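To start, the structure itself, in structure tokens.
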Ligand SMILES: [Zn+2]
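Residue numbers (my numbering): 2 to 432.
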């Protein structure tokens with residue numbers, strides 16, 4: 002009893018201490034910038050191949066082969082499992098190589114011969130529990146795990162960034178003989194993305210074709226939205242250089258579906274504009290459950306200066322070839338981070354030509370006032386390193402890195418992709 006009350010006093014004391022420490026006397030509320038402010042300058046990093054550790058693939062069996070965990074599917078990531086007793090399991094999630102951005106992707110299946118409730122603790126290599134778990138019974142339709150089945154262990158402190166995430170998480174899962182999928186975000190592997198590409202390509206004005214192979218020889222597909230042979234103004238849209246960035250992909254998907262729609266606006270737009278889309282820049286990373294890199298062990302969005310990786314080279318060669326026939330008027334690269342944010346190139350660099358990006362952001366913000374989104378413009382374009390800077394410097398297109406939050410609501414992502422498409426179509430048609 003005495004020990005218990007001492008602990009209780011200790012906990013109470015540390016809560017008071019934490020609460021008072023959080024108030025920084027140097028920062029008043031009005032001075033404090035609100036919302037996610039974005040990352041700073043990206044350091045220059047070499048992009049020549051680095052070794053990648055492929056995960057062991059298989060099924061883990063426990064308790065006289067009555068409970069099973071598996072990573073034998075595309076997009077899976079599960080590096081180790083141990084049974085701790087009392088229906089409690091610890092699993093380990095490690096990165097493809099290091100150093101690496103803290104995007105600890107996980108995805109596994111679990112099933113049991115008899116229905117039962119188990120708890121699973123997620124542990125990471127040099128990271129915290131960034132992604133809130135999604136659950137599925139078919140590997141296609143996912144929803145967030147019910148909050149009553151989620152326990153954050155050592156919750157984070159800041160508003161954004163890895164320090165805001167809990168150190169680890171414990172999930173309660175009701176398992177039965179059919180596999181349950183637990184994943185960091187919804188699964189959009191190369192085959193799922195290709196299904197979407199093929200279904201959209203049923204429209205008479207959309208086709209898709211390979212533009213080259215990835216490091217591990219997966220085909221990179223490009224979608225071409227072209228209704229009119231004389232539509233010589235072109236847009237370049239890419240996404241998923243970073244495999245776990247599914248929310249960016251979902252906004253891009255809605256953006257492309259809006260441009261491909263039967264609306265009057267879209268039809269008029271397509272009369273003058275052709276759209277090129279590479280929806281999955283890093284198919285190897287997506288299918289191998291990578292945290293960030295391609296099979297060359299490299300962050301592709303640092304390779305748009307030196308082009309050491311096949312994925313970036315394929316898009317570069319495509320752009321160089323198309324630049325002979327088209328005038329590129331807009332480029333966007335969709336990503337995900339801690340919260341929605343825009344990374345345009347500053348007009349001190351792009352001048353009058355780059356203003357359209359800022360007008361566009363303003364128009365989107367006016368239509369979506371429910372979510373205030375910061376802008377972090379960059380005035381450095383040398384070395385180009387990241388896609389948007391390469392797009393601008395070498396092909397003259399006003400370009401942006403369009404970032405969505407990991408936890409931004411899925412209906413809002415869809416709406417934002419749609420609004421973003423409508424507003425850029427209007428602005429480009431006014432030019
Ligand atoms: Zn990214």
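We put the beta carbon where it would ideally sit given N, CA and C, even for glycine. Note that this is a predicted model, so its numbers are computed, not measured.
Alpha helix (DSSP H) segment containing residue i, residue limits
i: residue 124; result: Taken as a continuous stretch (DSSP letters only), residue 124 belongs to no alpha helix (DSSP H), being part of the beta strand (DSSP E) at 117 to 125.
i: residue 313; result: 311 to 323
i: residue 418; result: 411 to 431
i: residue 361; result: 356 to 368
i: residue 201; result: 191 to 201
i: residue 66; result: Careful: residue 66 lies outside any alpha helix (DSSP H) and carries neither H nor E.
i: residue 351; result: 348 to 351
i: residue 394; result: 388 to 396
Supposed contact pair residue j and residue i - C-beta distance, whole angstroms, cut 8 Å
i: residue 75; j: residue 288; result: 5 Å
i: residue 155; j: residue 242; result: 31 Å between Cβ atoms; not a contact.
i: residue 101; j: residue 125; result: Not a contact, Cβ separation roughly 11 Å.
i: residue 39; j: residue 342; result: 5 Å
i: residue 259; j: residue 267; result: 7 Å
i: residue 206; j: residue 236; result: Not quite, the Cβ-Cβ distance comes to about 14 Å (not below 8 Å), so this is no contact.
i: residue 281; j: residue 191; result: 6 Å
i: residue 239; j: residue 388; result: 6 Å
i: residue 428; j: residue 248; result: That belief does not hold up - the Cβ atoms of residue 428 and residue 248 are roughly 24 Å apart, past 8 Å.
i: residue 175; j: residue 123; result: The pair is not a contact, with the Cβ atoms about 17 Å apart (cut-off 8 Å).
i: residue 398; j: residue 330; result: 6 Å
i: residue 245; j: residue 292; result: 7 Å
i: residue 131; j: residue 104; result: 7 Å
i: residue 56; j: residue 297; result: About 17 Å; that fails the 8 Å criterion.
i: residue 333; j: residue 273; result: No, residue 333 and residue 273 are not in contact; Cβ-Cβ is about 18 Å, not under 8 Å.
i: residue 187; j: residue 152; result: Rounded, the Cβ-Cβ distance is 22 Å, inconsistent with contact.
i: residue 417; j: residue 311; result: The Cβ separation is near 31 Å, so there is no contact.
Those residues which DSSP pairs with residue i across a bridge
i: residue 206; result: BP columns for residue 206 are empty, so no partner.
i: residue 81; result: 93
i: residue 338; result: 406
i: residue 165; result: Per DSSP, none; premise fails for residue 165.
i: residue 174; result: 119
i: residue 378; result: Answer by DSSP bridge pairing: none, since residue 378 is not bridged.
i: residue 187; result: The partner list for residue 187 (beta bridge, DSSP) is empty, contrary to what the question assumes.
i: residue 214; result: 220
i: residue 252; result: Paired residues: none, contrary to the question.
i: residue 328; result: 234
i: residue 345; result: 401
i: residue 59; result: In the DSSP output, where bridge partners are listed per residue, residue 59 has none listed.
i: residue 36; result: Answer by DSSP bridge pairing: none, since residue 36 is not bridged.
i: residue 298; result: Answer by DSSP bridge pairing: none, since residue 298 is not bridged.
i: residue 86; result: 89
Chain B within 7 Å of residue i, Cβ atoms only
i: residue 202; result: This model lacks chain B altogether; it includes just one protein chain.
Residue i beta carbon near ligand 1 (any heavy atom closer than 6 Å)
i: residue 246; result: yes
i: residue 336; result: yes
i: residue 243; result: yes
Limits of the beta strand (DSSP E) - the one that residue i falls within
i: residue 240; result: 234 to 240
i: residue 113; result: 108 to 113
i: residue 222; result: 220 to 226
i: residue 183; result: 181 to 184
Whole runs of the alpha helix (DSSP H) within the stretch 257 to 286, excluding any shorter than 4 residues: 265 to 273
Unbroken beta strand (DSSP E) runs of length 3 or more, entirely within the stretch 123 to 158: which are they? 135 to 137, 151 to 154
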